[in-house]
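Enquirer:
Residue numbers (our numbering), protein chains in the order written: chain V, 4 to 796; chain R, 6 to 197.
#1: Closer than 8 Å, Cβ to any Cβ of chain R: which residues of the segment 19-40 of chain V, in chain order?
#2: Alpha carbon to alpha carbon, how far is residue 100(R) from residue 376(V)?
#3: Mind checking whether residue 189(R) and residue 151(R) have CB atoms under 7 Å apart?
#4: Who pairs with residue 50(V) in a beta bridge, going by DSSP?
#5: At the level of alpha carbons, what is the spacing between residue 81(R) and residue 433(V)?
#6: Please classify residue 632(V): does DSSP put it in a helix, a strand, or coil?
#7: Short check: CB of residue 73(R) to CB of residue 105(R), under 7 Å?
#8: Between 6(V), 368(V), 67(V) and 13(V), which lies nearest to residue 742(V) when the distance is taken from Cα to Cα?
#9: How big is the Cα-Cα spacing for residue 23(R) and residue 216(V)?
#10: Residues in its own chain within less than 8 Å of residue 160(V) by CB, not counting five upstream and five downstream?
#11: Comparing the C-beta of residue 208(V) with each C-beta of chain R, is any distance below 7 Å?
#12: Going along chain V in order, which residues have a C-beta closer than 7 Å to the C-beta of residue 40(R)?
#13: Return the CA-CA distance between residue 14(V) and residue 354(V), expressed in angstroms with no decimal places.
#14: With 7 Å as the threshold, decide whether the Cβ of residue 20(R) is near any Cβ in chain V.
#15: According to the neighbour-count rule (16 or more other Cβ atoms, all chains shown, within 10 Å of its Cβ), is residue 21(R) buried or exposed?
#16: Would you mind reading off the limits of the alpha helix (DSSP H) that contains residue 656(V)?
#17: Counting only runs that start and end within the segment 128-168 of chain R, where is the beta strand (DSSP E) found for 3 or more residues in a row?
#18: Can you give the beta carbon distance from residue 226(V) to residue 567(V), rounded, assuming they're within the 8 Å contact cut?
#19: Would residue 415(V) pass as an interface residue toward chain R - the criterion being a Cβ-Cβ separation below 7 Å?
#20: State the DSSP-derived secondary structure class of residue 87(V), mapped to helix, strand or coil.
#21: For residue 182(R), which residues from the same chain have a beta carbon less than 7 Å from its beta carbon, with the 5 sequence-adjacent residues on both sides left out?
#22: Using the beta-carbon count (16 or more within 10 Å), is residue 796(V) buried or exposed?
#23: Would you verify that the beta carbon of residue 92(R) is, or is not, closer than 7 Å to some beta carbon of chain V?
#24: Any C-beta of chain V within less than 9 Å: which residues of the segment 152-170 of chain R qualify?
#25: Is it the case that the Cβ atoms of residue 267(V) and residue 513(V) are separated by a distance below 7 Å?
#26: Give the interface partners of residue 192(R) over in chain V, defined as CB-CB distance under 9 Å, in chain order.
#27: If the cut is a Cβ gap below 7 Å, which residues of chain R does residue 433(V) touch?
#28: From residue 172(V) to residue 53(V), what distance separates their C-alpha atoms?
#29: Is there contact here, the segment 126-140 of chain R with the segment 475-494 of chain V, by at least three beta-carbon pairs under 8 Å?
#30: Buried or exposed, going by whether 16 or more other CB atoms sit within 10 Å of the CB of residue 547(V)?
#31: List the residues of chain V whose Cβ lies closer than 8 Å to the Cβ of residue 113(R), in chain order.
#32: Taking the alpha-carbon of residue 4(V) as reference, which of 242(V), 712(V) and 579(V) has the nearest alpha-carbon?
#33: Taking only runs of the alpha helix (DSSP H) that begin and end inside the segment 653-715 of chain V, which ones reach a length of at least 4 residues, in chain order?
#34: Give the straight-line distance between the Cα atoms of residue 341(V) and residue 95(V), rounded to the nearest whole angstrom.
#35: Bridge partners of residue 214(V), per DSSP?
#36: Below 8 Å on the Cβ atoms is my contact criterion, and I expect residue 64(R) with residue 49(R) to pass it. Report the Cβ-Cβ distance as a whole number of Å.
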């Protein structure tokens with residue numbers, strides 16, 4: 004989230020789309036209800052189902068899963084056509100004034116530079132026009148036809164209410180009613196927020212979808228404002244923290260993972276530190292060398308010296324253009340090219356796409372290590388034939404599966420210390436309350452014992468380059484069970500010479516004098532102690548920022564981009580809702596997202612971007628600088644805007660024999676997966692109350708579809724996709740209805756997740772049906788908007 | 006840490022407040038004697054489910070003396086948290102059933118190639134076997150230089166996944182383990 008849960012109460016309008024907080028984040032949803040009650044805020048809910056969130060909204064629009072960009076593009080169109088945008092904000096705080104290369108263009112669904120053979124774009128025409136010093140040229144009148152603003156207006160001119168209605172399956176009138184409410188915040192003095200969740204992230208065009216939302220919020224002047232922002236609700240207790248700590252392509256703190264052509268630390272720094280695109284851009288990522296060197300010092304300690312590039316050579320370097328994301332991992336495993344997998348509290352058979360492929364892939368491993376609270380489908384994958392053979396006809400006898408499996412009992416949250424980062428970016432410390440059951444061990448001990456034993460083997464025996472193993476630091480008092488407070492201090496960072504904790508990332512250096520495990524968390528555990536464990540109730544701004552409760556990254560800042568809450572001279576757009584104010588040579592209020600002692604006119608408001616301003620036009624994304632409506636990989640209709648380029652041409656697709664896609668002739672209905680309020684993901688099927696309250700998988704359909712298929716409530720049905728199927732009773736509701744899309748009737752099918760072949764209650768895995776088609780930027784699979792058919796059993 | 010408050014102190018404070026309203030405290034005191042949380046230790050924690058980040062108070066019995074295992078007897082929302090102010094959702098309120106659950110894994114298990122069931126295994130043996138597998142795979146798959154002769158020190162036949170319900174500190178330790186081995190593929194639930 005750019006803002007946070009407690010800030011939602013400051014909104015005048017709450018757009019809830021791609022999420023259902025009333026049921027899935029009920030405690031957080033209280034803040035939307037507070038805004039409604041105390042500020043007379045309007046709630047707008049756009050969703051394929053009439054959810055409990057919709058039930059308490061002021062305006063609900065039913066739409067077809069997978070058509071969100073069309074809806075949001077329509078909102079951008081409405082905002083520009085009616086003048087309901089915050090013109091001064093757009094001029095000062097976005098790249099609307101930037102001039103784009105003359106060669107850039109868009110035609111028939113493709114941007115300039117499309118290489119149909121390679122299946123990707125040559126982005127060289129997407130850049131800005133530059134002056135002699137390498138800065139982007141701008142036109143603050145926004146009238147230049149090559150300005151981002153004019154290109155934006157032209158691009159979204161096609162997204163009329165009628166076009167939106169035709170694609171989304173709603174009416175033009177209900178779209179316009181929603182648009183009037185949402186765009187009413189496009190003035191100084193009104194704030195609108197957006198809450199979204201996996202209904203937005205699980206598409207083959209999800210990053211562009213969220214970019215569209217960000218563009219809308221920038222046009223409306225809502226980014227940086229209390230009661231504004233783009234707020235991902237997120238579905239797991241520390242999914243934010245796990246993201247902050249890196250993935251295949253990122254190191255801790257969103258530093259880029261080293262690449263083979265960055266052979267030295269200097270080349271890495273040059274390759275990853277951006278150049279400022281405007282003279283007044285602070286360009287904060289130019290500090291990358293300080294963060295990277297401090298991370299290398301944390302990893303390699305005394306083995307990180309200037310002479311050896313601080314150990315940069317030990318780090319693994321991926322090939323240029325390689326992708327080691329989730330889909331590629333399992334495709335490679337399915338092909339038999341992966342030897343071992345270690346899963347800490349993760350269950351790919353249940354939560355990965357196309358479970359049949361997951362199960363088959365795991366059977367080609369030499370070994371699998373699973374650390375868990377409960378036995379999972381992943382740990383028991385080799386027994387799928389016995390446990391759920393009806394869903395996996397191709398599953399083989401265990402005797403034919405040579406994978407060795409280690410299933411390790413792990414402590415649960417209540418039995419471990421440490422910090423979770425909630426979706427508000429708050430690092431909240433928890434303390435262990437009880438002992439783990441039986442011989443279960445805390446994960447830090449499992450990781451430590453594995454590391455120490457592998458290291459011992461490399462000390463005693465020959466083997467592949469032992470240096471990276473032997474150089475890694477493990478400087479903890481208790482080697483086998485590191486004290487997590489000690490680890491948290493290392494993550495915060497300290498002065499190497501004195502051992503003093505740094506107070507923030509501003510103290511980090513690129514000369515090896517500081518170490519820091521994650522620059523973003525620098526300030527979380529200082530000489531003043533563990534800031535994440537703070538429990539202060541103070542709310543000095545009255546805005547619900549709670550600066551003394553826990554600790555928020557970065558720098559305990561509660562509202563990201565808060566400098567944009569004021570005009571170029573620093574005058575707040577809304578004095579009653581100013582997160583920061585410039586007084587007597589410093590900022591008061593929230594921690595400024597700006598240089599703390601620089602007057603408001605010193606730099607652009609978006610210090611993390613080389614532009615110095617926010618991007619309405621984002622030339623770094625894979626499928627184009629402006630979001631465009633593309634159909635899901637499986638769709639009941641052709642793309643109404645450009646039939647020849649129907650789905651995202653750059654989406655990640657796989658071609659194994661397990662990866663078939665279906666068409667509307669055979670699979671006519673649009674399926675969407677969702678969560679129930681009684682359950683949490685694939686865990687609570689082990690819990691008595693949850694599994695009693697919602698014991699059974701079901702298939703939700705509309706009365707219209709029940710009539711079409713001749714189904715009665717409770718009929719047992721099979722729902723199938725081109726990949727697999729699930730069986731259960733049908734639930735007929737008024738929460739969905741027949742939609743008309745491109746003149747055709749379209750029906751949607753709702754599939755709650757939560758069951759599997761192990762648990763107090765059992766049922767089919769919904770991911771039996773989902774495709775391994777993924778967003779090209781994020782690698783997230785398309786769990787919303789794939790095609791299915793129904794059969795009565 | 007200041008996060009352990011005796012339940013009795015809290016009740017006393019509550020009682021002092023109550024007298025100002027003129028209630029008789031005797032019935033409340035009598036009832037408190039029998040409350041299952043009257044003698045518990047309270048520990049502050051965070052709900053492990055969705056990302057709202059509700060604070061919870063875990064009530065445990067057992068004084069953590071040698072050979073005494075403490076166990077969770079009650080979970081409630083923490084009224085001091087500005088996020089949840091004591092409230093919890095239907096999942097959070099039943100966390101005790103998640104923690105104290107007969108389905109929890111309590112012993113390491115091992116499934117040999119071709120086996121039709123899991124067997125129990127001792128931790129030491131499991132650790133030594135797993136470390137051996139990891140080293141063998143690394144020795145076999147490690148790439149010190151790529152086909153252009155560039156130093157890459159990478160391992161692409163072993164992958165690590167997980168971490169979205171683990172703490173930052175554990176994820177950081179996993180990052181050290183990952184880079185020590187040279188593992189390229191490290192993925193988590195955020196991707197899904």
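Note that the Cβ used here is the ideal one computed from N, Cα and C, for glycine as well.
What you are looking at is a predicted structure, and each value in this text was computed from that prediction instead of being measured.
Expert: In brief:
#1: 27, 28, 29, 30, 31 and 33
#2: Position 95 of the second chain holds residue 100(R). Position 373 of the first chain holds residue 376(V). Roughly 13 Å between the two C-alpha positions.
#3: As a first step, residue 189(R) is located in the second chain; it is residue number 184 there, counting from the start. As a first step, residue 151(R) is located in the second chain; it is residue number 146 there, counting from the start. Not in contact: residue 189(R) and residue 151(R) (Cβ atoms no closer than 7 Å).
#4: Start at 1 with the first residue of the first chain, and residue 50(V) comes out as number 47. Beta-bridge pairing links residue 50(V) to 65(V).
#5: Your numbering for residue 81(R) matches position 76 in the second chain. Your numbering for residue 433(V) matches position 430 in the first chain. Rounded to the nearest angstrom, the two C-alpha atoms are 14 Å apart.
#6: Sequence index remark: in the first chain, residue 632(V) carries index 629 (1-based). Looking at residue 632(V) - three-state DSSP - the assignment turns out to be coil, as it is neither helix nor strand.
#7: If you number the second chain from 1, residue 73(R) lands on position 68. If you number the second chain from 1, residue 105(R) lands on position 100. No, they are not a contact pair.
#8: Taking the first chain and counting its residues from 1, the one referred to as residue 742(V) is at position 739. Of the listed residues, the one whose Cα sits closest to residue 742(V) is 67(V).
#9: For this step, residue 23(R) is matched to residue 18 along the second chain. For this step, residue 216(V) is matched to residue 213 along the first chain. Summary for residue 23(R): the model assigns pLDDT 45, below 50, so the residue's position carries little reliability; its value from the coordinates is reported in the next sentence. Rounded to the nearest angstrom, the two C-alpha atoms are 50 Å apart.
#10: Here residue 160(V) corresponds to residue number 157 of the first chain, with the count starting at 1. Around residue 160(V): 80.
#11: As a position in the first chain, residue 208(V) is number 205, starting the count at 1. Answer no: the Cβ-Cβ gap between residue 208(V) and chain R never drops below 7 Å.
#12: Position 35 of the second chain holds residue 40(R). Going along chain V, no residue has its Cβ under 7 Å from residue 40(R), so there is no contact; the nearest lies around 18 Å.
#13: Locating residue 14(V) in the first chain gives position 11, counting from the first residue. Locating residue 354(V) in the first chain gives position 351, counting from the first residue. If you take the alpha carbons of residue 14(V) and residue 354(V), they lie about 34 Å apart.
#14: Numbered from 1 along the second chain, position 15 holds the residue referred to as residue 20(R). Low per-residue confidence applies at residue 20(R): pLDDT is 45, beneath 50, and the placement is therefore not dependable enough to give any value.
#15: Indexing the second chain from 1 puts residue 21(R) at position 16. In this prediction, residue 21(R) has a pLDDT of 47, which is less than 50 and means its spatial position is unreliable; what the coordinates show is noted afterwards. Exposed, since its Cβ has fewer than 16 Cβ neighbours within 10 Å.
#16: The residue you call residue 656(V) lines up with position 653 of the first chain. It is not in any alpha helix (DSSP H) - residue 656(V) carries neither H nor E in the DSSP assignment.
#17: 147-150 and 156-167
#18: Position 223 of the first chain, counting from 1, holds the residue named residue 226(V). Position 564 of the first chain, counting from 1, holds the residue named residue 567(V). Confirmed, Cβ separation roughly 6 Å.
#19: Sequence index remark: in the first chain, residue 415(V) carries index 412 (1-based). Interface residue, yes.
#20: For the purposes of this step, residue 87(V) is identified with residue 84 of the first chain, where counting begins at 1. Correct three-state label for residue 87(V): coil.
#21: To locate residue 182(R), count along the second chain from 1; it is residue 177. If we look at residue 182(R) and ignore the five residues flanking it on each side, it has no Cβ neighbours.
#22: Within the first chain, numbered from 1, the residue matching residue 796(V) stands at position 793. Exposed, because fewer than 16 other Cβ atoms sit within 10 Å of the Cβ of residue 796(V).
#23: Counting from one through the second chain, the residue named residue 92(R) turns up at place 87. Yes, contact with chain V.
#24: 153, 155, 156, 157, 158, 159, 160, 161, 162, 163, 164, 165, 166, 167, 168, 169 and 170
#25: Within the first chain, numbered from 1, the residue matching residue 267(V) stands at position 264. Within the first chain, numbered from 1, the residue matching residue 513(V) stands at position 510. No, these two residues do not count as a Cβ contact at 7 Å.
#26: Residue 192(R) sits at position 187 when you count from the first residue of the second chain. Under the 9 Å cutoff, chain V gives 250, 251, 327, 328, 329, 332, 349 and 782.
#27: Translated into the one-based positions of the first chain, residue 433(V) becomes position 430. 49, 50 and 51, listed in chain order.
#28: In the first chain, residue 172(V) corresponds to position 169, counting from 1. In the first chain, residue 53(V) corresponds to position 50, counting from 1. Taking the straight line from one Cα to the other gives about 14 Å.
#29: no
#30: Taking the first chain and counting its residues from 1, the one referred to as residue 547(V) is at position 544. Buried, because 16 or more other Cβ atoms sit within 10 Å of the Cβ of residue 547(V).
#31: The count along the second chain starts at 1 and reaches residue 113(R) at position 108. Per Cβ cutoff of 8 Å: 409, 410, 411, 412 and 442.
#32: Here the question's residue 4(V) lines up with position 1 in the first chain. Residue 4(V) has its Cα closest to that of 242(V), out of 242(V), 712(V) and 579(V).
#33: 691-696 and 706-712
#34: Against the first chain, residue 341(V) aligns to sequence position 338. Against the first chain, residue 95(V) aligns to sequence position 92. For residue 341(V) and residue 95(V), the distance between alpha carbons rounds to 51 Å.
#35: Translated into positions along the first chain, residue 214(V) becomes position 211. Answer by DSSP bridge pairing: none, since residue 214(V) is not bridged.
#36: As a first step, residue 64(R) is located in the second chain; it is residue number 59 there, counting from the start. As a first step, residue 49(R) is located in the second chain; it is residue number 44 there, counting from the start. Actually they do not touch by this definition, with Cβ atoms about 11 Å apart.
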